[in-house]
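Residue numbers (our numbering), protein chains in the order written: chain A, 1 to 243; chain B, 244 to 592. The beta-carbon is built from N, C-alpha and C at its ideal position, and this holds for glycine as well. Data block below; observations after.
Here is the structure:
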């Protein structure tokens with residue numbers, strides 16, 4: 001009886017930590033959204049506010065990290081519990097990094113608010129930001145639902161983000177060569193694009209942890225085809241025993 | 244019998260699925276038990292997989308997470324599916340810890356509200372600069388002595404009206420600022436006595452003022468934004484003075500209310516009819532058309548007070564009886580209240 005109750009407590013605690021991770025994800029999403037808005041609306045105050053609020057994200061990371069260390073030390077955790085805890089510890093690191101990149105974006109957007117804007121109002125950056133936002137959102141949804149299919153979709157969409165980043169980067173070089181007076185501004189734009197690209201990578205990482213949680217296979221640095229093959233194999237292994 | 248129940252159940256399900264608003268049933272652990280099909284459209288929930296999931300795993304917006312801890316009123320957040328759309332979510336508790344979440348699409352209202360706010364903000368800023376020019380020339384005309392004496396009256400009257408417009412505009416700008424700030428007010432230390440006594444003295448020294456009385460707990464200090472608190476005090480006292488006759492009496496109180504604090508202005512003025520009380524803090528709301536313009540109000544004072552108090556996590560209470568007087572109270576919660584004595588001193592006493 002005593003043991004059963006302890007196990008029940010444990011899984012409840014684990015579920016609470018999982019929700020805390022997702023709440024942290026919600027905060028990071030909101031930070032990202034506001035940083036993007038600071039850029040598109042030329043709102044320097046909002047940009048600085050985002051930079052200021054990054055400490056909230058950091059605090060959440062520390063608190064979840066502490067809780068995970070405590071749970072790791074609990075005897076009787078199953079393999080899948082431990083996989084979940086490991087995935088959580090890694091996920092919050094990536095979320096915290098997304099927060100850091102959002103902070104950088106906020107500061108840069110605040111600076112850009114004061115200078116002349118191109119007639120497109122940074123359309124390329126805004127498009128890139130929209131894709132990245134979908135990636136973060138998809139990654140967190142996949143984490144909540146332990147949904148390997150959605151996770152795989154997000155991993156795949158990272159290629160589009162990388163391509164868009166390349167385009168912006170190359171364009172930036174031509175701008176700077178045409179008119180050296182724009183160098184300062186275009187450099188800032190490139191930094192924002194760089195942050196967005198990095199955030200995409202972090203979202204992709206989170207999805208890889210989701211797949212790790214579901215299948216117990218480490219799929220990092222293996223390429224899409226191999227990931228799909230690994231999942232297919234894992235499914236074959238599981239099917240006979242699942243019914 | 245079972246057939247009847249089945250039919251009833253099917254009817255209930257069809258009926259809830261026909262609803263435009265979303266409904267989610269949550270158990271005591273905030274886990275999703277059931278939801279209707281509108282939720283799938285509004286929030287993107289999956290009717291097969293998402294049962295048993297904690298609701299804030301899927302609705303992760305920080306505002307919703309905070310609201311869930313302490314559900315009062317409703318919360319408006321961008322839809323997790325499409326950040327251009329806005330949803331109002333209300334949690335209604337029932338049974339043993341269960342609750343029902345009701346979700347409405349309020350995109351239109353949010354957009355309308357934003358347009359209105361932007362318009363007022365822009366209009367007030369644009370009107371301010373021409374007014375400064377007008378008022379500058381009027382001052383020059385009044386001093387210059389180049390106009391015939393018969394113009395003195397009209398010039399003074401125009402000056403007074405320009406001043407009035409300037410006051411209305413700065414009130415509007417202040418109100419827009421209060422309305423659009425999303426965060427709660429800062430936690431700066433405010434010595435209430437230092438803030439309140441000069442206002443009290445100013446009104447007491449006016450020639451036609453009613454009798455003012457100030458009762459304050461000098462050791463009770465507030466954590467907040469000083470200029471906003473100043474505008475709360477000034478507006479409420481100013482209102483009381485305007486609507487109380489010279490032989491009337493106004494009592495101003497600043498005291499503890501349990502662990503919380505309360506600022507009260509009690510007057511023996513003309514009072515407010517009951518039906519007007521719920522609407523009196525709306526901008527430009529007039530109890531009767533003549534009276535507030537005569538007494539020189541902008542129609543924005545109470546709206547400013549209400550928003551400023553809310554930004555301090557407090558609320559405004561209004562009680563009134565026609566012909567007997569009114570009582571306006573600002574209730575500040577415990578988190579905003581400190582003792583202005585140093586902690587060591589408090590131990591000695």
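Residue 296 of chain B versus chain A: which residues are under 9 Å apart at the beta carbon?
Here residue 296 of chain B is taken as the residue at index 53 of the second chain, counted from 1. Going along chain A in sequence order, the residues near residue 296 of chain B (Cβ under 9 Å) are 144, 145.
Are the CB atoms of residue 26 of chain A and residue 303 of chain B within a distance shorter than 7 Å?
For the purposes of this step, residue 303 of chain B is taken as the residue at position 60 of the second chain. For the purposes of this step, residue 26 of chain A is taken as the residue at position 26 of the first chain. It is a contact, given that the beta carbons lie within the stated cut-off.
Under the three-state reduction of DSSP, which class applies to residue 222 of chain A: helix, strand or coil?
As a working note, residue 222 of chain A is residue 222 in the first chain. In the structure shown, residue 222 of chain A sits in coil (DSSP, three-state: anything other than H, G, I, E or B).
Which value, in whole angstroms, describes the spacing of the CA atoms of residue 590 of chain B and residue 43 of chain A?
The residue you call residue 590 of chain B lines up with position 347 of the second chain. The residue you call residue 43 of chain A lines up with position 43 of the first chain. Interpretation of residue 590 of chain B is limited by its pLDDT of 37, a score under 50 that renders its predicted location unreliable; the figure taken from the coordinates is listed afterwards. Rounded to the nearest angstrom, the two C-alpha atoms are 48 Å apart.
Would you check if the distance between the CB atom of residue 442 of chain B and the CB atom of residue 480 of chain B is smaller than 7 Å?
Sequence index remark: in the second chain, residue 442 of chain B carries index 199 (1-based). Sequence index remark: in the second chain, residue 480 of chain B carries index 237 (1-based). Contact: yes.
Would you call the stretch 224-234 of chain A and the stretch 253-262 of chain B touching, i.e. three or more CB-CB distances under 8 Å?
no
Determine the DSSP secondary structure at residue 570 of chain B, reduced to helix, strand or coil.
For the purposes of this step, residue 570 of chain B is taken as residue 327 along the second chain, with counting starting at 1. Residue 570 of chain B: strand per DSSP, three-state reduction.
Taking residue 154 of chain A as the reference, give the member of A/189, A/18, A/128, A/206 with the closest Cα.
Here residue 154 of chain A refers to the residue found at position 154 of the first chain. Answer by Cα proximity: A/206.
Flag residue 19 of chain A as yes if its beta-carbon sits less than 7 Å from any beta-carbon of chain B, otherwise no.
The count along the first chain starts at 1 and reaches residue 19 of chain A at position 19. At least one chain B Cβ lies under 7 Å of residue 19 of chain A.
When the Cα of residue 427 of chain B is compared with those of B/300, B/389, B/555, which residue comes out closest?
One-based indexing of the second chain puts residue 427 of chain B at position 184. The shortest C-alpha separation from residue 427 of chain B is found at B/555.
Beta-carbon of residue 108 of chain A versus every beta-carbon of chain B: anything under 7 Å?
On the first chain, position 108 is the one that residue 108 of chain A refers to. By this cut-off, residue 108 of chain A is not an interface position.
With residue 92 of chain A as the anchor, note down where its alpha helix (DSSP H) starts and where it stops.
Along the first chain, read from residue 1 onward, the residue named residue 92 of chain A stands at position 92. Unbroken alpha helix (DSSP H) run through residue 92 of chain A: 79-112.
List, in order along the chain, the chain B residues whose C-beta lies closer than 9 Å to that of residue 58 of chain A?
Residue numbering aside, residue 58 of chain A sits at position 58 when the first chain is read from its first letter. Neighbours of residue 58 of chain A on chain B: none; closest Cβ ~15 Å, over 9 Å.
Would DSSP call residue 430 of chain B helix, strand or coil?
Translated into positions along the second chain, residue 430 of chain B becomes position 187. If DSSP states are grouped into helix, strand and coil, residue 430 of chain B belongs with coil.
Contact criterion: CB-CB distance below 7 Å. Does residue 285 of chain B meet it with respect to chain A?
Looking up residue 285 of chain B in the second chain gives position 42. It does not; no Cβ of chain A falls within 7 Å.
Residue 8 of chain A burial status per 10 Å Cβ neighbour count (16 or more: buried):
Position 8 of the first chain, counted from the start, is the residue given in the question as residue 8 of chain A. Residue 8 of chain A comes out exposed.
Whole alpha helix (DSSP H) elements within the stretch 465-532 of chain B, 4-residue minimum
469-485
Under 7 Å by beta carbon: chain B residues contacting residue 26 of chain A:
By one-based count along the first chain, residue 26 of chain A stands at place 26. The contacting residues are 303, 304, 305, 308.
I think residue 486 of chain B touches residue 497 of chain B, with their Cβ atoms under 8 Å apart; what is that distance to the nearest whole Å?
Position 243 of the second chain, counting from 1, holds the residue named residue 486 of chain B. Position 254 of the second chain, counting from 1, holds the residue named residue 497 of chain B. That pair is no contact at about 21 Å.
Taking 7 Å as the threshold (beta carbon to beta carbon), is residue 270 of chain B in contact with chain A?
Against the second chain, residue 270 of chain B aligns to sequence position 27. False, the Cβ-Cβ gap to chain A never drops below 7 Å.
Contact check, residue 61 of chain A vs residue 24 of chain A under 8 Å by CB: the rounded distance?
The sequence position of residue 61 of chain A within the first chain is 61, counting from 1. The sequence position of residue 24 of chain A within the first chain is 24, counting from 1. With 8 Å as the limit, residue 61 of chain A and residue 24 of chain A qualify as a contact, their Cβ atoms being about 7 Å apart.
I believe residue 495 of chain B touches residue 456 of chain B by the beta-carbon criterion, under 8 Å. Please report the beta-carbon distance rounded to the nearest angstrom.
The residue labelled residue 495 of chain B in the question sits at position 252 within the second chain. The residue labelled residue 456 of chain B in the question sits at position 213 within the second chain. About 7 Å; that satisfies the 8 Å criterion.
For residue 455 of chain B: DSSP bridge partner residues:
The residue you call residue 455 of chain B lines up with position 212 of the second chain. DSSP lists B/493 as partners of residue 455 of chain B.
Alpha helix (DSSP H) segment containing residue 191 of chain A, residue limits
One-based indexing of the first chain puts residue 191 of chain A at position 191. Residue 191 of chain A -> alpha helix (DSSP H) spans 183-215.
Span of the beta strand (DSSP E) holding residue 352 of chain B?
Numbered from 1 along the second chain, position 109 holds the residue referred to as residue 352 of chain B. Premise fails: residue 352 of chain B lies in the alpha helix (DSSP H), 350-387, not in any beta strand (DSSP E).
Taking only beta-carbon atoms, is residue 365 of chain B less than 7 Å away from chain A?
Translated into positions along the second chain, residue 365 of chain B becomes position 122. No, because no Cβ of chain A sits closer than 7 Å to the Cβ of residue 365 of chain B.
Entirely within the stretch 124-191 of chain A and at least 4 residues each: give me those alpha helix (DSSP H) ranges in chain order.
148-178
According to DSSP, is residue 562 of chain B helix, strand or coil?
Numbered from its first residue, the second chain carries residue 562 of chain B at position 319. Residue 562 of chain B falls in the strand class under three-state DSSP.
Given that residue 549 of chain B touches chain A, what residues does it touch there, using C-beta distances under 9 Å?
Position 306 of the second chain, counted from the start, is the residue given in the question as residue 549 of chain B. Neighbours of residue 549 of chain B on chain A: none; closest Cβ ~24 Å, over 9 Å.
Taking only beta carbons into account, state which residues of the stretch 420-452 of chain B come closer than 8 Å to chain A, listed in chain order.
none
Would you list the one or two residues that DSSP bridges to residue 593 of chain B?
Nothing can be reported for residue 593 of chain B, as the shown portion of chain B is limited to 244 through 592.
What residues are listed by DSSP as bridge partners for residue 321 of chain B?
Translated into positions along the second chain, residue 321 of chain B becomes position 78. Paired residues: B/329.
Counting C-beta neighbours from all protein chains within 10 Å, is the total for residue 454 of chain B 16 or more, i.e. buried, or is it exposed?
Taking the second chain and counting its residues from 1, one reaches residue 454 of chain B at position 211. By the 10 Å Cβ count, residue 454 of chain B comes out exposed.
Proximal residues, the stretch 484-504 of chain B versus chain A, C-beta separation under 8 Å:
none
Straight-line gap, residue 243 of chain A to residue 204 of chain A (C-alpha atoms, nearest Å):
Counting from 1 along the first chain, the entry for residue 243 of chain A is found at position 243. Counting from 1 along the first chain, the entry for residue 204 of chain A is found at position 204. Note that residue 243 of chain A has pLDDT 40, beneath the 50 cutoff, so the model's placement of it is unreliable and the number below is only indicative. Roughly 32 Å separates the two Cα atoms.
What's the gap between the Cα of residue 223 of chain A and the Cα of residue 64 of chain A?
Sequence index remark: in the first chain, residue 223 of chain A carries index 223 (1-based). Sequence index remark: in the first chain, residue 64 of chain A carries index 64 (1-based). If you take the alpha carbons of residue 223 of chain A and residue 64 of chain A, they lie about 31 Å apart.
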